[in-house]
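Protein chains in written order, with numbering that gives the first Met the number 0: chain A, 0 to 580; chain B, 0 to 502.
What follows is one structure encoded as structure tokens, with my remarks underneath.
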Amino acid sequence: MNYTLSSLIFLPLLAALVVLLLPTRMQRGIKAVALGGTLLQLAVAVWLYLGFDGAKVANGQTGYQFVEKLDWIGFSLGSLGRFQIEYFVGVDGVSISMVLLTGIVGVIGVISSWNITKNVKGYFSLYLLLMTSVMGCFLALDFFLFYLFFEFMLLPMYFLIGMWGGPKREYAALKFFIYTLIGSLFILVVMIGLYTSVIDPEATAQQMGLIGQDVPASLDMVRQVQQMLQQGAISEADMVRTFSIPAMMEPANFIPGSLLHVFSGVSLFDLPIRFVAFLLVLAGFLIKVPSVPVHTWLPDAHVEAPTPISVLLAAILLKVGGYGLIRIAYPVFPDAGAYFSTFVGGLGVLSIIYGALCALAMNDLKKLIAYSSVSHMGFVLLGLASLTNEGVNGAIYMMFSHGLISAMLFLVVGVIYDRAHDRMILNFRGLAKRMPAYTAFVVIAFFASLGLPGFSGFIAELLVLLGSFSAPEATGMLPRWMAIVAVIGLLLSAAYYLWALQRMFFGKYWIFPELRGKAQLTDLTKREYLMLLPLAILAFVFGIFPHLLLDKTGMTVTGFTELVLRNGQEQLNILQAILQR
Amino acid sequence: MEEQAAQLPQAIDSILAGAGSLLPELLLAIFFLLLVTLDLFKSKTVKRLLPWVALTGLFSVLVLLVLGPQGIDGVQFLNLLRSDGIARYTGILFSLTGIFTILLSLQNPKIERRKQGEGRGEYYALILMLVLGLNLMAKSVNLLMVFLAIEVVSIASYILTLTLKEEKKAVEAGLKYVLYGTLSAGVMLYGMSFFYGLTGSLDYTLVSFWRSLLDASPLMVTVAAILVFAGFLFKISAAPFHFWTPEVYQGAPMPIVALFSTGPKMAGIIVIMRFVAAFADPTIAGAFADVQLFLGIAALATLAVGNFTALWQRTPRRLMAFSSVSHAGFLLMALLAFGSDYTVSVLFYMTVLLFMNFGIFLFLQMAEEDWQVHTLEDFKGMGTRVPFAGVMALLFLLSLTGLPPLAGFMGKLLVFSNVWEAYTANGQPMLLVLLVVGILLTGVALFYYIKIPYHLFLKRNQTAENLVISLSNKLLLVFFALPLLVLFFKPDLLLQWIQKLLA
Numbered sequence: 000m001n002y003t004l005s006s007l008i009f010l011p012l013l014a015a016l017v018v019l020l021l022p023t024r025m026q027r028g029i030k031a032v033a034l035g036g037t038l039l040q041l042a043v044a045v046w047l048y049l050g051f052d053g054a055k056v057a058n059g060q061t062g063y064q065f066v067e068k069l070d071w072i073g074f075s076l077g078s079l080g081r082f083q084i085e086y087f088v089g090v091d092g093v094s095i096s097m098v099l100l101t102g103i104v105g106v107i108g109v110i111s112s113w114n115i116t117k118n119v120k121g122y123f124s125l126y127l128l129l130m131t132s133v134m135g136c137f138l139a140l141d142f143f144l145f146y147l148f149f150e151f152m153l154l155p156m157y158f159l160i161g162m163w164g165g166p167k168r169e170y171a172a173l174k175f176f177i178y179t180l181i182g183s184l185f186i187l188v189v190m191i192g193l194y195t196s197v198i199d200p201e202a203t204a205q206q207m208g209l210i211g212q213d214v215p216a217s218l219d220m221v222r223q224v225q226q227m228l229q230q231g232a233i234s235e236a237d238m239v240r241t242f243s244i245p246a247m248m249e250p251a252n253f254i255p256g257s258l259l260h261v262f263s264g265v266s267l268f269d270l271p272i273r274f275v276a277f278l279l280v281l282a283g284f285l286i287k288v289p290s291v292p293v294h295t296w297l298p299d300a301h302v303e304a305p306t307p308i309s310v311l312l313a314a315i316l317l318k319v320g321g322y323g324l325i326r327i328a329y330p331v332f333p334d335a336g337a338y339f340s341t342f343v344g345g346l347g348v349l350s351i352i353y354g355a356l357c358a359l360a361m362n363d364l365k366k367l368i369a370y371s372s373v374s375h376m377g378f379v380l381l382g383l384a385s386l387t388n389e390g391v392n393g394a395i396y397m398m399f400s401h402g403l404i405s406a407m408l409f410l411v412v413g414v415i416y417d418r419a420h421d422r423m424i425l426n427f428r429g430l431a432k433r434m435p436a437y438t439a440f441v442v443i444a445f446f447a448s449l450g451l452p453g454f455s456g457f458i459a460e461l462l463v464l465l466g467s468f469s470a471p472e473a474t475g476m477l478p479r480w481m482a483i484v485a486v487i488g489l490l491l492s493a494a495y496y497l498w499a500l501q502r503m504f505f506g507k508y509w510i511f512p513e514l515r516g517k518a519q520l521t522d523l524t525k526r527e528y529l530m531l532l533p534l535a536i537l538a539f540v541f542g543i544f545p546h547l548l549l550d551k552t553g554m555t556v557t558g559f560t561e562l563v564l565r566n567g568q569e570q571l572n573i574l575q576a577i578l579q580r
Numbered sequence: 000m001e002e003q004a005a006q007l008p009q010a011i012d013s014i015l016a017g018a019g020s021l022l023p024e025l026l027l028a029i030f031f032l033l034l035v036t037l038d039l040f041k042s043k044t045v046k047r048l049l050p051w052v053a054l055t056g057l058f059s060v061l062v063l064l065v066l067g068p069q070g071i072d073g074v075q076f077l078n079l080l081r082s083d084g085i086a087r088y089t090g091i092l093f094s095l096t097g098i099f100t101i102l103l104s105l106q107n108p109k110i111e112r113r114k115q116g117e118g119r120g121e122y123y124a125l126i127l128m129l130v131l132g133l134n135l136m137a138k139s140v141n142l143l144m145v146f147l148a149i150e151v152v153s154i155a156s157y158i159l160t161l162t163l164k165e166e167k168k169a170v171e172a173g174l175k176y177v178l179y180g181t182l183s184a185g186v187m188l189y190g191m192s193f194f195y196g197l198t199g200s201l202d203y204t205l206v207s208f209w210r211s212l213l214d215a216s217p218l219m220v221t222v223a224a225i226l227v228f229a230g231f232l233f234k235i236s237a238a239p240f241h242f243w244t245p246e247v248y249q250g251a252p253m254p255i256v257a258l259f260s261t262g263p264k265m266a267g268i269i270v271i272m273r274f275v276a277a278f279a280d281p282t283i284a285g286a287f288a289d290v291q292l293f294l295g296i297a298a299l300a301t302l303a304v305g306n307f308t309a310l311w312q313r314t315p316r317r318l319m320a321f322s323s324v325s326h327a328g329f330l331l332m333a334l335l336a337f338g339s340d341y342t343v344s345v346l347f348y349m350t351v352l353l354f355m356n357f358g359i360f361l362f363l364q365m366a367e368e369d370w371q372v373h374t375l376e377d378f379k380g381m382g383t384r385v386p387f388a389g390v391m392a393l394l395f396l397l398s399l400t401g402l403p404p405l406a407g408f409m410g411k412l413l414v415f416s417n418v419w420e421a422y423t424a425n426g427q428p429m430l431l432v433l434l435v436v437g438i439l440l441t442g443v444a445l446f447y448y449i450k451i452p453y454h455l456f457l458k459r460n461q462t463a464e465n466l467v468i469s470l471s472n473k474l475l476l477v478f479f480a481l482p483l484l485v486l487f488f489k490p491d492l493l494l495q496w497i498q499k500l501l502a
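Laid out in structure tokens, this is it:
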């Protein structure tokens, strides 16, 4: 077996252990180990990206690459058959982009953390722990494993915000923790429901003795087992229940009579229970995305978090929400995905507009950028809800591009905050005179984020808008006004960025009198160049050569949309027939 | 008289035949007497040896239960006791409870250095007596035996609460406990007398017992059942019979609080479990819905009271009191998944509860005795002064909350899965409500459990010099924390073993 993915996940953990073993006073050594760990992780991620064959993926159920599958927890529960949790990781077109992003941002984050002085050991071990859990989240194909990493992310983040953050850090950290924990509890309910409803056809065939232990099942065998299952020809004791996400994506793997089976006919609050389950998962991931109206933790967390942690939060952690929707919510509940597409798209549009309007009203530069994140994440929802190839590709592209650009934006805010210990827009004017290089990067970051052609953000927004414009004809999803309203969001984002730029950077140099004594407004240092320049270049490269990413994601997305639309329509018809009866 | 005399040899034979399965209890009784006798000697060396004698006793019981031969599964002593896999496994848990209590007591300066060891003998002897009572509780299948076993545990508990009788709050706690306890015992006994009057028997394993109940007036049965359950719920500190918990937790010595939060709770759950298991008989299974409704409401109330009241607590002891109430709710909920294969999950949950509760109470004991921390606020900034213990406390608290990667999550996952299974099987809306409430309350639970790490790590304090933690305390913390990690990553090891014992 190939251990590339495991090394991606566990390299930072190893580095964290080394950090813990180093004596506290070796601050440079600790930083070097953290940098080395993340650099190695990036190297493996790039190697994986190069080795990933974008043409190979046929559809969402098979065709994962670099797969590692090991038995982890398994025991028989008497009459209930076997209970099975696997260490099951693999990449497809969606995860490969997120893995690459995590690798890049991880290194940038360490460089940006170089001036941390308080409790360096604790900081970097938590940082590396966070990197492990984020990477694990993007690679897991077993729902339990995914959930483990998903929930474990909260803990290091809580302490990173709460111990190294700003004045209201305790409040912000707690709010972040509680919000996202509630979200993951919604997901937990559905996870339990799914695993009691779904079997693993291969392991079941082995349990029934149709094939020997450790013999992979042929496709015919899988079909045969699925058929027997649906006819009720498999005894309870032979069913091997599983957390495997690919198994959950096949409707034929659902046990007849289980609650989440399409034919179960159970409804809650006048909705089929599958719809309720989808809404729960959706709510869980929407908190993470975050989408209006459950976004309120984000501005607080961002404002209080130290710069590198804001970078990680915006660039990677938010992506887990969108990723979870693509990996779990839509493929497992395609019927509900299709049914609620207008709702999800509507939330997306709402986030775009509301986030942009809030950003327009902010006086704190960091809050402005936090709200711009909300606005941009709305595009992910819109693209996803369109269920067109362009839209979903655009959603993934948006996540990747926003990862690069938001990292840059938060770094840029960090630069001014380090110097002036203040980041209110109205306290500065004409900074371009004093800090020309800094201003250049601010301009690049702002323009890249507002979607100027030539930067990655443009490609992403273009694809999402194309997808959502064509959705009414192509897939029957989304009313057309949504795409039109989303365009207004673009205008608004231009407005808040340009206005901020004008107020802070252009005109005659002036800063708020009380800041004058404290602020040392020197231009960028070498370390700051080192973190800003690569991001700017990458945003540019992915804006000029979109095929770098689209070649990897394209086939996966095609498989995804086909699966969701085909299964979705079929199951929706069944569910609606049952509902009407 | 004549008839009874004729049956006597038969009865004696049956008692003798069952004696073998009572070996653990006999051992405990022997060591109890040994401790009481040794306590009569005034020599300091003997006094110092007392805890170790008690430990030897408990440890030999543990070894006997783990390695000993699979006993005869069956009902002994004239249908009073039943020794089976459940009794054996919980026996192991109770011995561990006793051992952990003594280990914690050895680390507690208040208990160890008190007036030249005055009252040490009775302290350790009573712990043995309590463990003996717990074992009997888990084995009883007759209402009379249940009552006697519960009383053995209760009386030992009353005295143990009063160990530090020179402290005012200990006396207050002890008094409240005795008053509540005797009242609930009386109520329970009253209910049992109703049952006896209605059925002519106290043996609830008999199907005829239940049949006569089904024939009797529903009002009478309901009243009787509520009275009996009041006694059970008191023992596991479930709402609305939990009022003694915060007071006792506030006043009793820390090792005894840890003991109360685990041992009697587990034994009480097993008593209810055996009671409920009678409904497996198909002829009376239909009547289970009522019991389920009643216990379901109790579980919901317990979960709600435990979790929401814990939010307002200012001292770690009271916080843990309500935490233990909420865990009683989870255990009750686990029992309601009746119909699915829930026994293994309940036993697993208990095992996890044992380790995490003793872990956190050890931490709180260190905080109270060594660092003079008495309220949650006092933890302010301690995290940097005791980083190792702080991280360990974090592990215990997260496990109590039920977050991965700790065994508390696994325990909850198993319980929730069983409830979901049971809901799929019989569609009782109560189960779904319980499931959703139980899961959502985990979010509330985080809010209060995180308060300790919040003050430890997020708040800052002026003094920063490191505090020394004794090696034995460090080792004990690791000893309690390690199983929590192992049982998350490889729960099947324990689950399979439990299954083997139950088979």
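Even glycine gets a Cβ: it sits at the ideal position worked out from N, Cα and C.
Buried or exposed by the 16-neighbour rule on C-beta atoms within 10 Å, applied to residue i
| i | result |
| --- | --- |
| TYR2/A | exposed |
| THR44/B | exposed |
| LEU294/B | buried |
| LEU19/A | exposed |
| LYS366/A | buried |
| ARG641/A | Limits of chain A in this structure are 0 at one end and 580 at the other, which puts residue 641/A out of reach. |
| VAL197/A | buried |
Neighbour flag for residue i against chain A, beta carbons, 8 Å
| i | result |
| --- | --- |
| GLU376/B | no |
| THR100/B | no |
| LEU457/B | yes |
| TRP419/B | yes |
| GLN495/B | yes |
| SER156/B | no |
| SER416/B | yes |
| TYR403/B | Looking at the sequence shown, residue 403/B is not Tyr but Pro. Yes, because at least one Cβ of chain A sits closer than 8 Å to the Cβ of PRO403/B. |
| LEU399/B | no |
| ASP83/B | no |
Chain B contact for residue i (CB, 8 Å cutoff)
| i | result |
| --- | --- |
| VAL188/A | yes |
| PHE87/A | no |
| THR162/A | A small correction: the amino acid at residue 162/A is Met; Thr does not occupy that position in the sequence shown. It does: the Cβ of MET162/A has a partner Cβ on chain B nearer than 8 Å. |
| THR295/A | no |
Practice problem: Examine the Cβ distances between the segment 441 to 452 of chain B and the segment 297 to 309 of chain B and report whether three or more of them are shorter than 8 Å. | Solution: Yes, the segment 441 to 452 of chain B touches the segment 297 to 309 of chain B.
Quiz prompt | Three or more C-beta pairs below 8 Å linking the segment 283 to 292 of chain A and the segment 245 to 263 of chain A | solution = no
Quiz item: Is the segment 399 to 414 of chain A touching the segment 446 to 453 of chain A in the sense that three or more CB pairs, one from each, lie closer than 8 Å?
Solution: yes
Practice problem: Inspect the CB distances between the segment 132 to 150 of chain A and the segment 116 to 124 of chain A and report whether three or more fall short of 8 Å. | Solution: no
Quiz item: Do the segment 343 to 355 of chain B and the segment 403 to 419 of chain B meet, that is, are 3 or more Cβ pairs less than 8 Å apart?
Solution: yes
Quiz item: Considering only residues of the segment 253 to 277 of chain B, which uninterrupted alpha helix (DSSP H) runs meet the minimum length of 4 residues and lie entirely inside it, listed in chain order?
Solution: 253 to 276
Quiz item: Would you call the segment 74 to 91 of chain B and the segment 34 to 44 of chain B touching, i.e. three or more CB-CB distances under 8 Å?
Solution: no
Self-check item: Segment contact flag, the segment 429 to 438 of chain B with the segment 357 to 366 of chain B, C-beta cutoff 8 Å, min 3 pairs
Solution: no
Quiz item: What runs of the alpha helix (DSSP H), each 4 residues or longer, lie entirely inside the segment 420 to 453 of chain A?
Solution: 430 to 433, 435 to 449
Practice problem: Give, in chain order, every unbroken run of the beta strand (DSSP E) that is at least 3 residues long and sits entirely within the segment 153 to 212 of chain B. | Solution: none
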